[in-house]
Every structure is written in C-alpha cells, then in structure tokens.
Amino acid sequence: MIGCLGVLLLALVAAALYIRQSDGERIKELESQLGTLRKQEEQASVNEAVSQQMERIAYGQQVLSAERSREAIRQSEIAHEMTLRSEAERKKALEAQAAAEASAAEAMESYQLAEHQRSVAEHQRSVAEHAKMVADTLNYISLARTLGSQSYAISRSGDTELGNMLAYVSYLFTSDYGGDPYTPSVFQALTQAAGGRHYWSIHNGRISGMAINPQDGSLLTVGTYGEFKVHKIHGNQLQTTRVADNRSYTFRKVYAANNGKSYAISHTGHLVFADGGQTREIFLEKVSKPFSIEPMNDGQQLLIVGENSVALFDVATGRVIGTRRLDFSVICTGTDGRRPLLFDNRGRMHLVNSLDRMTSTKIPVSGQLTAFACSKDGRQKAYGTSDGNIWLDNGNGKTLKLSGHLSKVTQLEFNGRQLYSSSHDGKLLFWMTGVAQIKPITLFQTDSWLTCFTFSIDKDYILTGDYNGIVTRYLISLPQIAQRLRKSVKRNFTREEWNYYVGKGIPYREMIRGN
C-alpha cells in the first residue's frame, strides 16, 4: 500500500513537474507570440506610415499628372493651331507652285515657239544659202565650160598664151566647184592647152595592130606591109627595133603575152613570135586567112582565128596543139572575161570554152559588128558596128545607143567606167558610161582612118595607129594634164582681160602668185 502511495506520489510529483515545465514552455511560447505580435504591430505601423507616405506621393503624382495632362492639352492645342497654320501655308505654297509651274509652262511654250521660229528662220536661211551656193556652183561650172570653149577657139586662132590662161581658169573653177573635168568643152581645152600629143611616122602602110608589152612597157606595132616593130619611148623620142620585115606578109594583129613574148599574125597564115632577141615563125596550114589572136586559159594558150577556122597555140611549147574548122564565117573577135568570143556574119556570137565546145547565142544588137569590148568586171559590154554606132549594155537589161562616129568603129576598150572608141572617121572618142546622159568627148581627130589604139602601162597615155602608118601618143591623165597646164601659164590676167572674158562680177583671181 505504502508502495503504491509512493508510486502515486512520485507520479504526482512528476505530473506537477511536468505541469510546471509545461507552463514555463507555454509562457515562453506566449512571450514569443507576444514578441511576434509586437513586431507585427510595429511593422503594421511602419506599413501604415509607408502607405500614408505612398498615398501622399501618389496624390502628388496625380496632381503632377493632371498638370502635365493640362500642359499636353495646351501643347496639343498649340500643335493643332500650328498644323492649321502649316496647312494654310502649304496651300499657299501649292498655289504659288502651281502658279510658278503655269508661268514656267507658259515660258517654255513661249521658248519653244521662239525656238521653232528660230529653227524655221535658220532652215530658211540654210535653204537660201544652199540655193545660193547651188546657184553659184552652177554658175561657176557653167562659166568654166564657157571659158573652156573660149580657150579652145582662141588657141586654135593662134593666141595660145591667152588660150592657156582661159583653160587654166576653166580648170580652177571646175575643180573648186565640183564640176566634171571630162565635160567636152573643159576637157578639150585642158588637153589642147597641156599639149600632151606627139606623132611618129613608123610604118610604110596601114598600122593594123598595136599592143603594150606588160613587162617593159615597150610598144608593139604591126602593119599591112609585113612590118613587125618594137618601140621604146624616151620622152618624145622613139627607139625602134624591127622584129620582122617581109612585104609578102600582111600582119593583122599583134599580141603581147605576160611572159614577155610577142606574137603577130599575118593574113597569109604565118605566125611570127619574138622572145627577147630570138624570132620564130610558123605556118598555120589548117587556118584560112587568120586575122586575130585572143588569149585563152589565163594566157597559157592563144586562139588563132581565121575566117572559117581556128587553131589553139600553146605558149609554153610554141606549138599548135589543135585546130577546128568552123561552119560559119568570123568577122570580128573579142573576149568576154577569160574566154574568146567569135562574131559571125549571120548575127550570132560564139563563146569559145574549148576547141570542142562553143556556146552560140544571138548578138543582142543590130548591124554588122566590127568591134567588141567587155569591162574588167564583166558588167559592161560595148558593140561597135560598120555604120559607126556603138551599143552599150550596162548589165541592167537595157542597151543604149551611143552616136558619135560617122563610119566604121575599128576598136573599143574600157578603162574603168570610161569607154574609148576609134573609127575610120579619124576620131578617137571616149564616153563616161556612169552618167545619166552619155555624150562623146573627142580626144583626137585626124584626116586619116584610125585603125587601132592601146594604153600605156600606167594608163596615162593612149596611143593610136592610123591608115598612114602614124602613131599618135595622147596624154589622158588629168593630174598630168593639170600639172602641164599650170606650167604653161606664165602670167596673170590683166583687169581688162578678166572683166572681158571672165566677168566683172567674178572676184579677180591670180593665176600665178606674186605677179
């Protein structure tokens, strides 16, 4: 029992100690909570103070914001007013710009009108000046022709000095104003004043053929009295060498090959050819009455043409390599390009491609053909007839009739666009084929029949042969003619001569400076 009480007492003591301990812990806990509450109260007070401060700041900011809002409204009103002013100014500027553009457009229109009027005036002035220049040009060219005619007549009357002066001023006006120096009146005056003509009597009978050696420029001539000659020309002197002289021969044509050899054919059937100092001859048994030589195959062969037969001669071997009998009579020969042409007495022509192949067509002109020429480019062809007419085919399908000779045309040759012709009427003519109206220009006229002609290598001279055995060399180079003409003029016109022959209204011009 006592033990139980002791246990109970101990339990009570323990309980009391526990309760005391629990009260102490509770107090501490309460004190802790009280401390926490005090801190929270202090924090709340601080927060309240802060909140009040923030409210005062917020209120201040609200007041400031309201002030700023009122200022923004005021600035907006100012900006709006300035915008209105700016818009008004912009409208004024646009109106001013429109007015300025209108003024500028009006000014431009006025300028363009003035420029157009100026352009019209300038064009009219240019047209007037051109018309005046054309009129002056035509007047001076016409004056040049008149002076040329006067020069020709005065020189033939014996006053060569005045004639040369008139020819020279005719040349100057023609040259300065773009005239044609080949106009007959001008050209004849120039050639007469230049004095570029010389004669040599070199054959006993008719000169029947002429050629120029392409290697040394020597002149080859043959005649009907069996003479075959080679001539070297030194200035106005002639140095002659006889190749053949046999009166039983009747030479009809001479040919100079590119290799320097020369060939002459006699109507008797004899072919004579010279190579340097060596002379050979062969008799063509199967060719009846040969009268012409035409080159074939770039000159490697020669076609010997008779009245009714042909022979092919090889230049390299010096032998006849073929003959052919013809069923027509040949009256004239020529070359079309590199091939020979044979013209018969029935109005047909035969292009010789080879001895075995000939192409035959109708001659495109009327009359008995006596001469033929083809330009280097093959575009122009000329046909001469026994009645003196020349027919020119320019390759355009039209054939022009050229009238200038009075009797048989003996030879035709092209030199560029110039056509030269000789005739039994004694005239050597040339024709400018590239002009609208083709008129003859007389280079030379003699009382004897002109039978043949040829050109010097440089084409500065033309040489003619006639029925009396005379060779005439004639200067045809305009630069050389002009040079000789300048040298022939020894003084200037007097004022009286100028006014009488040239005209008072033409400005005086010195022919020789310093006089």
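In numbering that gives the first Met the number 0, the protein residues as written are 0 to 514.
Cβ coordinates follow ideal geometry from the N, Cα and C atoms, glycine included.
Given the structure is predicted, the values throughout are model-derived calculations rather than measurements.
Helix, strand or coil at Asn235 [DSSP, three-state]: The answer is coil: DSSP assigns Asn235 none of H, G, I, E or B.
Through-space distance from Gly425 to Asn443, alpha-carbon basis: Reading the sequence as shown, one finds Phe at residue 443 and not Asn. Between the alpha carbons of Phe443 and Gly425 lies a gap of roughly 8 angstroms.
Where the alpha helix (DSSP H) through Arg483 begins and ends: Arg483: member of the alpha helix (DSSP H) spanning 477-487, first to last residue.
Where Thr190 sits in the DSSP three-state scheme: Residue state for Thr190 is assigned as helix, using DSSP reduced to three classes.
DSSP state of Asn514 mapped onto helix, strand, coil: Only weak support is given to the placement of Asn514: the predicted model assigns it a pLDDT of 49, under 50, and the value that follows is read from those uncertain coordinates. Per DSSP, reduced to three states, the secondary structure at Asn514 is coil, with no helix or strand assignment.
Unbroken beta strand (DSSP E) run spanning Ser421, endpoints: Counting along the chain, the beta strand (DSSP E) containing Ser421 begins and ends at 417-422.
Length of the line joining the Cα atoms of Lys503 and Gly162: Inter-residue distance for Lys503 and Gly162 is about 19 angstroms (C-alpha atoms, whole angstroms).
The alpha helix (DSSP H) enclosing Ser174, as first and last residue numbers: Where Ser174 is concerned, the enclosing alpha helix (DSSP H) stretches over 159-175.
Short Cβ contact (8 angstroms threshold) for Asn387 with Ser374: In the sequence as displayed, the identity of residue 387 is Gly instead of Asn. Result no, Cβ atoms of Gly387 and Ser374 do not sit closer than 8 angstroms.
Cβ shell of Ile56 (< 6 angstroms), same chain only, five flanking positions each side left out: Same-chain partners within the cutoff: there are none.
Lys486 versus Ser109, Ala315, Ser31, Ala166, residue with shortest Cα-Cα distance: Considering only alpha carbons, the answer is Ala166.
8 angstroms contact criterion, which Leu325 and Asp335 should meet: CB distance rounded: With 8 angstroms as the limit, Leu325 and Asp335 do not qualify as a contact, their Cβ atoms being about 18 angstroms apart.
Simplified DSSP state of Val314, which is helix, strand or coil: Here Val314 carries a coil assignment [DSSP, helix/strand/coil].
Contact between the region 256-265 and the region 220-240 (3+ Cβ pairs under 8 angstroms): In the pairwise beta carbon analysis, the region 256-265 is classified as touching the region 220-240: at least three pairs are separated by under 8 angstroms.
Endpoints, the beta strand (DSSP E) within which Ala410 is located: The sequence as given places Gln at residue 410; Ala does not occur at that position. Per DSSP, Gln410 belongs to the beta strand (DSSP E) from 408-414.
Buried/exposed call for Thr182, threshold 16 Cβ in 10 Å: Around the beta-carbon of Thr182, 16 or more other beta-carbon atoms lie within 10 Å, marking it buried.
Nonlocal neighbours in the same chain, by C-beta distance under 8 angstroms from Val185, ignoring five residues either side: So the qualifying residues of the chain are Ala143, Arg144, Gly147, Ser169, Tyr170, Thr173, Gly178, Asp179.
Test item: CB-CB of Glu306 and Lys285 under 8 angstroms: Not a contact, by the Cβ cut-off of 8 angstroms.
Residue closest to Leu237, alpha-carbon to alpha-carbon, out of Asp274, Tyr198, Met295, Thr249: Closest option to Leu237, judged by alpha-carbon separation, among Asp274, Tyr198, Met295, Thr249: Tyr198.
C-beta contact flag for Gln191 and Ser154 at 8 angstroms: Closer than 8 angstroms, so yes.
Inter-residue Cα distance where the pair is Arg508 and Ser476: C-alpha separation (whole angstroms): 26 angstroms.
Separation of Ser455 from Asp215, as counted between CA atoms: Those two C-alpha atoms are separated by around 11 angstroms.
Integer-rounded CB distance, given that Ser353 should sit under 8 angstroms from Asp343: By a beta-carbon distance limit of 8 angstroms, Asp343 does not contact Ser353. Their separation comes to about 18 angstroms.
Burial state of Met53 (16 or more Cβ within 10 Å): Exposed, by the Cβ-count rule.
CA-to-CA distance, Gln60 to Ala92, given in whole angstroms: Approximately 45 angstroms between the Cα atoms of the pair.
Alpha-carbon to alpha-carbon, Glu66 and Arg25: The straight-line gap from Cα to Cα measures roughly 59 angstroms.
C-beta atoms of Thr450 and Ser217 nearer than 8 angstroms: No, Cβ-Cβ distance for Thr450 and Ser217 is not below 8 angstroms.
Proximal residues to Asp446 (C-beta, below 7 angstroms), its chain only, five neighbours per side dropped: Within the same chain, Asp446 has close Cβ partners Gly425.
Contact check, Gly403 vs Pro439, beta carbons under 8 angstroms: With respect to the 8 angstroms criterion, Gly403 and Pro439 are classified as neighbours on the basis of their beta carbons.
Complete beta strand (DSSP E) runs within the region 310-366 (minimum length 3 residues, chain order): With a minimum length of 3 residues, the unbroken runs of beta strand (DSSP E) contained wholly in the region 310-366 fall at 318-324, 329-335, 338-343, 347-351, 357-361.
Under 8 angstroms between C-beta atoms of Arg472 and Leu484: The Cβ atoms of Arg472 and Leu484 lie no closer than 8 angstroms to each other.
Secondary structure of Glu284, DSSP reduced to three states: In the structure shown, Glu284 sits in coil (DSSP, three-state: anything other than H, G, I, E or B).
Residues bridged to Gly208 (per DSSP): Answer by DSSP bridge pairing, in chain order: Val221.
Terminal residues of the beta strand (DSSP E) in which Val434 lies: Taken as a continuous stretch (DSSP letters only), Val434 belongs to no beta strand (DSSP E), as it is neither H nor E.
Residue from Asn393, Ala71, Pro363 with nearest C-alpha to Ala435: Nearest of Asn393, Ala71, Pro363 to Ala435, Cα basis: Asn393.
Same chain, Cβ closer than 8 angstroms to Asn235, five either side skipped, listed in chain order: Contacts found: His197.
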